[in-house]
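Visitor: There's a structure below that I have some questions on.
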Amino acid sequence: MKVRVDPDRCQGHTICSMIAPTLFTLDDEDGHSTAIDGEVPAELESKAAEAIRSCPEQAISVIP
Amino acid sequence: MTTQPVTDDDPEQDDTGRKKNRYHFDRHTPDYREKFTEVTEEMLDKCPVAWSDTYGGHWVAAGHSEVFELARSAEYLSNDHDPQNERRGYKGISIPSPEVGFRGGFLEMDPPEQRHYRQLLNPYLSPAAVARWTPLVDEVVRASLNERIETGQIDFVDDLANIVPAVLTLAMLGIPLKNWDIYVEPIHASVYTSPNSPDQARIAASRLAMRDDMMAQLAEIRANPRPGLIDALARAEINGTVPPDFELLGIIALLMGGGFDTTTALTARSLEWLSEHPARREQLSAQRDTLLDSATEEFLRYFTPAPGDGRTISADCVIAGQEFKEGERIWLSWAMSNRDPEVFPNPNEVELDRTGNRHHSFGLGIHRCIGSNVARMVFKRMVIAVLDRMPDYTCDPAGAEHYQTIGIIQGMKHLPATFTPGPRIGDGLEETIARMQVLVDEERLAAPVTDRKGAAREK
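Protein chains in written order, with numbering that gives the first Met the number 0: chain L, 0 to 63; chain W, 0 to 458.
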């Protein structure tokens, strides 16, 4: 499983990185989020799913 | 306030279809506060977007998916406040609009102007920028509690939740910390005092003193630059022009209004709830490492300190299945959308470990609260310190005073509590604020994160 943050939708709410700090990095200047490039480690898949469910802007998705 | 949807035919024939969902909505009455759950359930069930005849007529969006779609449609919804009628004469984010009109900073602007200001100020308010302030906040919290810890009595509003957000906001702006009490009273009291209260003259005077200090600070920082949000504004060029001072003062007022009473409200309401639910309080304290984040989001959802924002429809459109006409006003209710059972199971219960909590308490879209990272950090540090130093506190229901209406901020005037007295730790508030001023100056803490990284450290 891979995840992606849509930069046009993300507004820097930071919820994703609260849930899964190793999967999402926040920009120092505006707090907007970027997901890690590679595969989500199996043990963090449920956290990734929770981040997707919790994003107020619905900006995170699974890359097929 | 009517609690039945109004079904009368619209006198304007054209609009009968368009405005078929009607609800008499007046969020500025005490009745709305008392019947909030009832009104919310009814609107969510029957009319998630409704036309209300109040305040010259306006739309009200209560449903979660409807508010989500509307708030993110910046191309059709305008925040612009244009009191001089230089553009389209729009009324900004307050419903009803204030009689004496001035623009409330970038929250009453549209892009690209709004975006320029956000880009200018984000490096002072991003998660990385805010993290630098945690040690200072802990010191001010510690000292505030010291002032009451030996007595066994505290007013969580007056003695803690009013002080810490104000001191931090001033520090971030670049205003001397000791000036906090010039600003606290007018901002707090302006929110909860009704326009015809006999107290208005005193509050108006305190507001003037605040405005004088704000103007003096802007002039002083311009003459002798020191880092902070005001310095960024004093140097700002927006679209190639230097903004006039009244525009900058509107922005400083917005940052103060956003920074002070909202976090105060969240903290007071949450501490009151925790007093009423001592088992949950013990659980939160014991499991803070896993529970504090989700509990904070849940308190934000449940209490929604800033309950909504107004907008103006800027072009005819259909959004969330509703047809809107240019110029119409709309109220986006973060508070009611935060109780939508479609998204939040058991919406009227506080569940400290709630997941999938897509609440709207900081707004949505391009106007997401620029201080959200500050609010979360300050709230968490205050609550944890209370749980550590006053773990058995009990709020006094007879002394607890909620704002009479929840139209602007869902806050409290007073929240007295008693607890088992404990020892002071370190110095008191006045000495601490003086020490923190030295720290802010020497460490240039209020500089943007692009210039200065890392947390505050006393030498």
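Positions of the beta carbon are idealized from the N, C-alpha and C atoms, including for glycine. In this text the structure is predicted, and so the values were computed from the model without any measurement.
1) In whole angstroms, give me the CA-to-CA distance for W/P4 and W/H63.
2) L/A53 versus chain W: which residues are under 9 Å apart at the beta carbon?
3) In its own chain, which residues sit with a C-beta less than 7 Å from the C-beta of W/G256, not counting the 5 before and 5 after it?
4) DSSP on L/L25, reduced to helix/strand/coil?
5) Taking the C-alpha atoms as reference points, what is the distance between W/W333 and W/R310?
6) For the candidate residues W/D339, W/N347, W/D387, W/D25, whose alpha-carbon lies nearest to that of W/R357?
7) Pull the bridge partners of W/E296 from the DSSP assignment, please.
8) Evaluate the contact criterion for the stretch 19-29 of chain W versus the stretch 49-56 of chain W: three or more CB pairs, one atom per stretch, below 8 Å.
9) Between the stretch 118-139 of chain W and chain L, which residues of the former have CB atoms less than 7 Å from a CB of the latter, in chain order?
10) Does the contact criterion of 3 or more C-beta pairs under 8 Å hold for the stretch 273-290 of chain W versus the stretch 390-398 of chain W?
11) What residues in the stretch 55-74 of chain W bring their beta carbon closer than 9 Å to a beta carbon of chain L?
12) Hey, is W/R367's beta-carbon within less than 9 Å of any beta-carbon in chain L?
13) Is the shortest distance between the beta-carbon of W/T449 and the beta-carbons of chain L less than 9 Å?
14) Which value, in whole angstroms, describes the spacing of the CA atoms of W/E457 and W/A170?
15) Going by C-alpha to C-alpha distance, which of W/R87, W/I318, W/D387 sits closest to W/Q282?
16) Between which two residues does the alpha helix (DSSP H) carrying W/F245 extend?
17) For W/V48, does the three-state DSSP call read helix, strand or coil?
18) Which of the three DSSP states, helix, strand or coil, is assigned to W/K18?
19) So, is the C-beta of W/S371 closer than 9 Å to a C-beta in chain L?
20) State the DSSP-derived secondary structure class of W/L386, mapped to helix, strand or coil.
21) Under a Cβ-count criterion, where at least 16 other Cβ atoms within 10 Å of its own Cβ denotes burial, should W/Q118 be classed as buried or exposed?
22) W/D292 and L/M0 look like a contact to me (Cβ under 8 Å); what is the Cβ gap, rounded to whole Å?
23) Does L/G11 get closer than 9 Å to chain W when you measure Cβ to Cβ?
24) Kindly say whether L/M0, judged by its beta-carbon, lies nearer than 9 Å to any beta-carbon of chain W.
25) Closer than 8 Å by beta-carbon distance: list the chain W residues that pair up with L/L25, in chain order.
26) Going straight from the alpha carbon of W/K452 to that of W/D30, what length do you get?
27) From the DSSP output, which residues share a beta bridge with W/H413?
28) Indicate the three-state DSSP secondary structure (helix, strand or coil) for W/D395 in the structure shown.
29) Under DSSP, the beta strand (DSSP E) around W/C316 begins and ends at which residues?
30) Compute the beta-carbon to beta-carbon distance between W/L69 and W/A61, rounded to the nearest angstrom, for a pair I have assumed lies under 8 Å.
31) Counting only beta-carbon separations shorter than 9 Å, does W/F302 have a partner in chain L?
32) In whole angstroms, what is the alpha-carbon distance linking W/A203 and W/F298?
33) Quick check: is the beta carbon of W/G453 nearer than 9 Å to any beta carbon in chain L?
34) Taking the continuous alpha helix (DSSP H) assigned at W/E325, which residues delimit it?
35) Determine the burial state of W/D8: buried for a count of at least 16 other Cβ atoms within 10 Å of its Cβ, exposed for fewer.
36) Taking DSSP's pairing of strands, which residues face L/V61 in a bridge?
Guide: For this structure:
1) Position 5 of the second sequence, counting from 1, holds the residue named residue 4 of chain W. Position 64 of the second sequence, counting from 1, holds the residue named residue 63 of chain W. Confidence is the limiting factor: at W/P4 the pLDDT is only 43, short of 50, which leaves the residue's position unreliable, though a coordinate-based value still follows. Distance between the alpha carbons of W/P4 and W/H63 is about 19 Å.
2) Start at 1 with the first residue of the first sequence, and residue 53 of chain L comes out as number 54. First, the residue type needs correcting, since residue 53 of chain L is Ser and not Ala in the sequence shown. Residues of chain W passing the Cβ test: E296, T354, G355, N356, R357.
3) Position 257 of the second sequence, counted from the first residue, corresponds to residue 256 of chain W. Hits under 7 Å: I186.
4) Taking the first sequence and counting its residues from 1, the one referred to as residue 25 of chain L is at position 26. Three-state result, L/L25: strand.
5) Looking up residue 333 of chain W in the second sequence gives position 334. Looking up residue 310 of chain W in the second sequence gives position 311. Looking at the two C-alpha atoms, the distance is approximately 13 Å.
6) What you label residue 357 of chain W is simply residue 358 of the second sequence in a count that begins at 1. The shortest Cα separation from W/R357 among W/D339, W/N347, W/D387, W/D25 belongs to W/D339.
7) The residue given as residue 296 of chain W occupies position 297 in the second sequence. Partner(s): none; W/E296 has no beta bridge.
8) yes
9) N121, P122, S125, P126, A127
10) yes
11) F67, R71
12) Looking up residue 367 of chain W in the second sequence gives position 368. So yes, W/R367 belongs to the interface.
13) Mapped onto the second sequence, residue 449 of chain W falls at position 450. Yes, because at least one Cβ of chain L sits closer than 9 Å to the Cβ of W/T449.
14) Numbered from its first residue, the second sequence carries residue 457 of chain W at position 458. Numbered from its first residue, the second sequence carries residue 170 of chain W at position 171. A straight-line Cα-Cα distance of about 16 Å links W/E457 and W/A170.
15) The sequence position of residue 282 of chain W within the second sequence is 283, counting from 1. Of the candidates W/R87, W/I318, W/D387, the one whose C-alpha sits nearest the C-alpha of W/Q282 is W/D387.
16) The sequence position of residue 245 of chain W within the second sequence is 246, counting from 1. First-last of the alpha helix (DSSP H) with W/F245: 244-258.
17) In the second sequence, counting from the first residue as 1, residue 48 of chain W sits at position 49. The answer is strand: DSSP assigns W/V48 an E or B state.
18) In the second sequence, the residue the question calls residue 18 of chain W occupies position 19. Reduced to three states, the DSSP call for W/K18 is coil.
19) Position 372 of the second sequence, counted from the start, is the residue given in the question as residue 371 of chain W. Taking Cβ atoms only, chain L reaches closer than 9 Å to W/S371, which makes this a yes.
20) For the purposes of this step, residue 386 of chain W is identified with residue 387 of the second sequence, where counting begins at 1. W/L386 falls in the helix class under three-state DSSP.
21) Residue mapping note: residue 118 of chain W aligns to position 119 of the second sequence, counting from 1. Looking at its Cβ environment, which holds fewer than 16 other Cβ atoms inside 10 Å, W/Q118 is exposed.
22) Locating residue 292 of chain W in the second sequence gives position 293, counting from the first residue. Locating residue 0 of chain L in the first sequence gives position 1, counting from the first residue. About 23 Å separates the two Cβ atoms, so there is no contact after all.
23) In the first sequence, the residue the question calls residue 11 of chain L occupies position 12. Chain W contact via Cβ: present.
24) The residue given as residue 0 of chain L occupies position 1 in the first sequence. Not an interface residue.
25) As a working mapping, residue 25 of chain L is identified with position 26 in the first sequence. In chain order: S125, P126, A127.
26) Translated into the one-based positions of the second sequence, residue 452 of chain W becomes position 453. Translated into the one-based positions of the second sequence, residue 30 of chain W becomes position 31. Near 48 Å, if we compare the C-alpha coordinates of W/D30 and W/K452.
27) Within the second sequence, residue 413 of chain W is the residue found at index 414, counting from 1. For W/H413, which the question treats as bridged, DSSP gives the partners W/E400.
28) Residue mapping note: residue 395 of chain W aligns to position 396 of the second sequence, counting from 1. Residue state, collapsed to three classes: coil.
29) Counted from its first residue, the second sequence places residue 316 of chain W at position 317. From DSSP, the beta strand (DSSP E) with W/C316 extends over 316-318.
30) Residue numbering aside, residue 69 of chain W sits at position 70 when the second sequence is read from its first letter. Residue numbering aside, residue 61 of chain W sits at position 62 when the second sequence is read from its first letter. The beta carbons of W/L69 and W/A61 sit about 11 Å from each other, so the pair does not count as a contact at 8 Å.
31) In the second sequence, residue 302 of chain W corresponds to position 303, counting from 1. Contact of W/F302 with chain L is not assigned, every C-beta pair being separated by 9 Å or more.
32) Translated into the one-based positions of the second sequence, residue 203 of chain W becomes position 204. Translated into the one-based positions of the second sequence, residue 298 of chain W becomes position 299. One C-alpha to the other measures close to 32 Å.
33) Against the second sequence, residue 453 of chain W aligns to sequence position 454. In terms of beta-carbon proximity, W/G453 stays away from the interface with chain L, with every pair separated by 9 Å or more.
34) In the second sequence, residue 325 of chain W corresponds to position 326, counting from 1. Neither: W/E325 is in no alpha helix (DSSP H) and is coded neither H nor E.
35) Position 9 of the second sequence, counted from the first residue, corresponds to residue 8 of chain W. For W/D8, the predicted structure reports a pLDDT of 45, less than 50, and the residue's modelled location is therefore unreliable. A value from the coordinates is still provided. Per the 10 Å Cβ criterion, exposed.
36) Mapped onto the first sequence, residue 61 of chain L falls at position 62. L/V2.
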